[in-house]
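A short write-up of the structure that comes next.
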Amino acid sequence: MKWSKMTKGEKTEAKWGLAFVTPTIIGLLTLNFYPIVKTIYMSFFKTGDFGRGNTFVGLQNYKNVITSGEFWGSLFNTVKYAIIEVPLSIAIALVLAVLLNRKMRFRSGYRTIFFLPMVAAPAAVAMVWKWLYNQQYGLLNQLFHTDVSWISDPKHAWIALGAVGVWSIIGYNMVLFLGGLQDIPRDYYEAAQIDGASELHQFFNITVPLVSPTTFFIVQTRIIAALQVFDLIYMMIDKTNAALKNTQSVVYVFYQYVFTYDNKGYGATMIVFLLIFIMLITVVLQKLDKKIVFYN
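Per the working numbering, the sequence shown starts with residue 21, numbered consecutively.
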């Protein structure tokens, strides 16, 4: 509606609405939009000697990244982590949400326990699991009487990191699923019980399809978050760790080039490629939206 055709009351309401959303808009422009533009801008420059000034190099950084085995290796590591974290955390969270959606004693307590890892600081989570994974005195090796180098063996260090990611995000996914389960009418389950459907059949034929909008939302957000993993790797994998090459993510390599090697342009270019990769995955998921999500 045009401003000239609005009544006095509508104009007042619009002004108040704009006043309420202005802080959010400013925050988005300052904390999201500007950093994106600045990162893309920096990708066309090379940091000057001793960090002074920037030299315009055009597409040279992009050529270097494309031909860099380190970047593609880190991208492959990031995808491996996402493949472990995303599907496992979603599947386990859905099962837990279904179980904790029933009437039971201490239900709120169980929900709180599973959500606690999400509240804990990532640094604290990483340090605790680093102790659990320790080869010499770690709890896992002591408990199972093994001598496994969980996070220093390149063969399975990335699996160990993925397991920590799954553990730390299950509670968040579970809460979202609990919200989705509340919207499913009980009539469907009652009708299924009358027809003699087992709980397993009800789960796959009623719960899974009707909670698919929530599942789709979690899949999208968790893929985006998993592809930006950094703190877990930074805190658990030392620079001298033999498994670093097999576990370092794109954001981890970006951090090293920007803050250790002071090559901001090259690091920014890596992030631009990661942004493009995430956007492509998001576009594919949006194309599949109507085919795999049941909104009715």
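Each residue gets a CB set at the ideal place from its N, CA and C atoms; glycine is no exception.
Which residues does DSSP list as the beta-bridge partners of residue i?
| i | result |
| --- | --- |
| residue 75 | 66 |
Are residue i and residue j closer than 7 Å when you measure CB to CB?
| i | j | result |
| --- | --- | --- |
| residue 139 | residue 289 | no |
| residue 146 | residue 295 | no |
| residue 66 | residue 57 | no |
| residue 153 | residue 133 | no |
| residue 269 | residue 186 | no |
| residue 287 | residue 81 | no |
| residue 234 | residue 181 | no |
| residue 246 | residue 102 | yes |
| residue 298 | residue 244 | yes |
| residue 169 | residue 155 | yes |
| residue 120 | residue 131 | yes |
| residue 26 | residue 150 | no |
| residue 137 | residue 191 | yes |
| residue 211 | residue 222 | no |
| residue 174 | residue 266 | yes |
Could you work out which residue in the options is closest to residue i when comparing CA atoms only?
| i | options | result |
| --- | --- | --- |
| residue 292 | 62, 29 and 243 | 62 |
| residue 128 | 149, 198 and 107 | 198 |
| residue 205 | 53, 220, 193 and 227 | 227 |
| residue 254 | 275, 42, 242 and 237 | 275 |
| residue 115 | 194, 257, 302 and 225 | 194 |
| residue 189 | 37, 104 and 310 | 104 |
| residue 232 | 201, 219, 213 and 211 | 201 |
| residue 241 | 125, 143, 306 and 90 | 306 |
| residue 106 | 208, 183 and 263 | 183 |
| residue 73 | 282, 263, 207 and 310 | 282 |
| residue 308 | 51, 111, 174 and 236 | 236 |
| residue 272 | 239, 97 and 27 | 97 |
| residue 177 | 142, 136 and 264 | 264 |
| residue 248 | 124, 92, 99 and 225 | 99 |
| residue 312 | 239, 40 and 261 | 239 |
| residue 64 | 83, 94 and 159 | 83 |
| residue 122 | 79, 41 and 209 | 209 |
| residue 79 | 60, 124, 165 and 90 | 60 |
| residue 95 | 52, 39 and 250 | 250 |
From which residue to which residue does the alpha helix (DSSP H) around residue i run?
| i | result |
| --- | --- |
| residue 158 | Where residue 158 is concerned, there is no enclosing alpha helix (DSSP H), given that its DSSP letter is neither H nor E. |
| residue 106 | 89 to 120 |
| residue 145 | 142 to 152 |
| residue 322 | Residue numbering for the chain in the displayed model covers 21 to 316; residue 322 lies beyond these limits and cannot be assessed. |
| residue 2 | Past the boundaries of the shown model lies residue 2; the chain is included only from 21 to 316, so the question cannot be answered. |
| residue 139 | 127 to 139 |
| residue 86 | 80 to 86 |
| residue 264 | 264 to 267 |
| residue 271 | 270 to 275 |
Kindly provide the ranges of any alpha helix (DSSP H) runs that are 4 or more residues long and lie completely inside the region 187 to 261, ordered along the chain. 206 to 214, 219 to 222, 232 to 246 and 251 to 256
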